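FYI, in mature numbering (1 follows the signal peptide of the UniProt record, and there is no 0) the residues of the sequence shown are -27 to -1, 1 to 293. The next block holds one structure in the form of structure tokens; read it before the comments.
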Amino acid sequence: MKILKKMMQVLLAVFFFGLLATNTVFANNTGGRFIDKDNRKYYVKDDHKAIYWHKIDGKTYYFGDGGEMVVGWQYLEIPGTGYRDNLFDNQPVNEIGLQEKWYYFGQDGALLEQTDKQVLEAKTSENTGKVYGEQYPLSAEKRTYYFDNNYAVKTGWIYEEGHWYYLNKLGNFGDDSYNPLPIGEVAKGWTQDFHVTINIDRSKPAPWYYLDASGKMLTDWQKVNGKWYYFGSSGSMATGWKYVRGKWYYLDNKNGDMKTGWYQDGSTWYYLDPSNGDMKIGWTKVNGKWYYLNSNGAMVTGSQTIDGKVYNFASSGEWI
């Protein structure tokens, strides 16, 4: 019973503080001072070092376990949750229920309190110390990042100036598969949204999207590396049979590329126009031989009555 009671207390704490996670407001520190020691900066008050999140003179700072002030990109617990706010090195630390996100601190240590987009140095393995689950660029060129109302880097889909963009999320879900971009960066090219699968239907494969060189999500027919693909209004790549503007097309059930020529679906053969991929019906001449495809596009064989006349077709479909 004591164990169950303790678990309930923990769950209630996680729920309660989780509700506060959208608010970064916490008390402003006064009466302390910044000091420099061994090329590190600290904030000291009553002979104790500040640790973790602190609001000082209206600006937000973060200090490590040893009290050192951080700068640049940092992957940290959400401020304002009550877990690690306004603590000094003589106080107990709560480790339960921490949720982490990316934040950016200027060279003066102040948190970048940005709630829109900002061009900043790219996150690299050198300036973040992280390499697993995310592939970081080798050079710290400038990149565009978007920030939420709590000054954390946004992830997932955003809508801006009439277009959708995808800000990369961490894609490691226990199967060692992940999106090859650092968290929060604007994705380009082929992008798979694993979170759609997790949040909606785990039995379905994660949908694929294609984003152009500027990161805009593309829809409709698109030619990529010499192959045609169809992306619905939601941007997800279509597979299988697809009816588009009065025509049927077949898109590879796995890779999504549009098929042309003869295609066998089960025991039925179809003929897809070599030039545009649309499914043919009626009389069709292929390599000098005539075939007949019924109203469903299926190739006929044997004896068939067409427009009141009887025709014979070989087992391979050609008219004999």
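For glycine and all other residues, C-beta sits at the position ideal for the given N, C-alpha and C. None of these values were measured; they are calculated from a predicted model.
With 16 or more other CB atoms across the displayed protein chains lying within 10 angstroms of its CB, Pro180 is buried.
By DSSP's assignment, Leu60 forms a beta bridge with Ile24.
Counting along the chain, Asn285 sits inside the beta strand (DSSP E) bounded by residues 282 to 286. Nearest in C-alpha terms to Asp58, of all of Ala23, Lys115, Asn228, is Ala23. In chain order, Lys90, Val92, Val159 place their CB closer than 7 Å to the CB of Thr117, counting only its own chain and leaving out the 5 sequence neighbours on each side. Counting along the chain, Leu49 sits inside the beta strand (DSSP E) bounded by residues 45 to 50. For the 8 Å CB-CB criterion, Met210 and Tyr138 do not form a contact. Of the residues Gly255, Gly82, Met231, the one whose Cα lies closest to the Cα of Ser248 is Met231.
Bridge partners of Ile29 according to DSSP: Asn2, Lys32.
The beta carbon of Gly255 sits closer than 8 Å to those of Tyr265, Leu266, all from its chain and outside the five residues before and after it, given in chain order.
Taking the Cβ atoms as the reference, Met272 lies roughly 10 Å from Tyr236, outside the contact range of under 8 Å. By the Cβ rule, the region 119 to 126 counts as touching the region 77 to 88, because three or more pairs are nearer than 8 Å.
Straight-line spacing of the CA atoms in Ser288 and Val259 works out to 16 Å. Boundaries of the beta strand (DSSP E) harbouring Lys196: 193 to 197, taken from the DSSP string. Between the C-alpha atoms of Leu60 and Ile29 there is a straight-line separation of about 13 Å. In terms of Cβ geometry, Tyr203 and Tyr222 form a close pair [threshold 8 Å]. Here Asp166 is not near Tyr183, since their CB atoms are 8 Å or more apart. In chain order, Thr192 place their CB closer than 7 Å to the CB of Ser206, counting only its own chain and leaving out the 5 sequence neighbours on each side. Assignment of beta-bridge partners to Tyr138 by DSSP yields Ile131. DSSP places Thr54 outside any beta strand (DSSP E), giving it a letter other than H or E.
In this structure Ile293 is exposed. Its beta-carbon is surrounded by fewer than 16 other beta-carbon atoms within 10 angstroms. The C-alpha of Tyr132 is placed about 35 Å away from the C-alpha of Asn1. When the alpha-carbon of Glu94 is set against those of Gly45, Asp238, Ile8, Tyr284, the nearest one is in Gly45. Exposed is the label assigned to Asn228, since fewer than 16 other Cβ atoms lie within 10 Å of its Cβ. Contact between Thr233 and Gly250 holds: their C-beta atoms lie close to 5 Å from each other, under 8 Å. Taken through DSSP and simplified to helix, strand or coil, Asp246 comes out as coil.
Excluding residues up to 5 positions away in sequence, Tyr203, Tyr222, Leu224 lie with their Cβ nearer than 7 Å to the Cβ of Lys215 in the same chain.
Counting along the chain, Trp163 sits inside the beta strand (DSSP E) bounded by residues 162 to 165. Approximately 7 Å separates the beta-carbon atoms of Tyr34 and Tyr16; this is inside 8 Å, confirming the contact. Between the C-alpha atoms of Phe7 and Lys14 there is a straight-line separation of about 7 Å. Non-local beta-carbon contacts of Asp62 in its own chain, meaning distances under 7 Å to residues more than five positions away in sequence, involve His21, Lys22, Ile24, Gly40 in chain order. Per the C-alpha coordinates, the member of Gln47, His27, Ser268 positioned closest to Gly157 is Gln47. Secondary structure at Gly229: coil, using DSSP grouped into helix, strand and coil. Each residue's CA atom was taken as its position, placing Asp185 and Gly261 some 41 Å apart.
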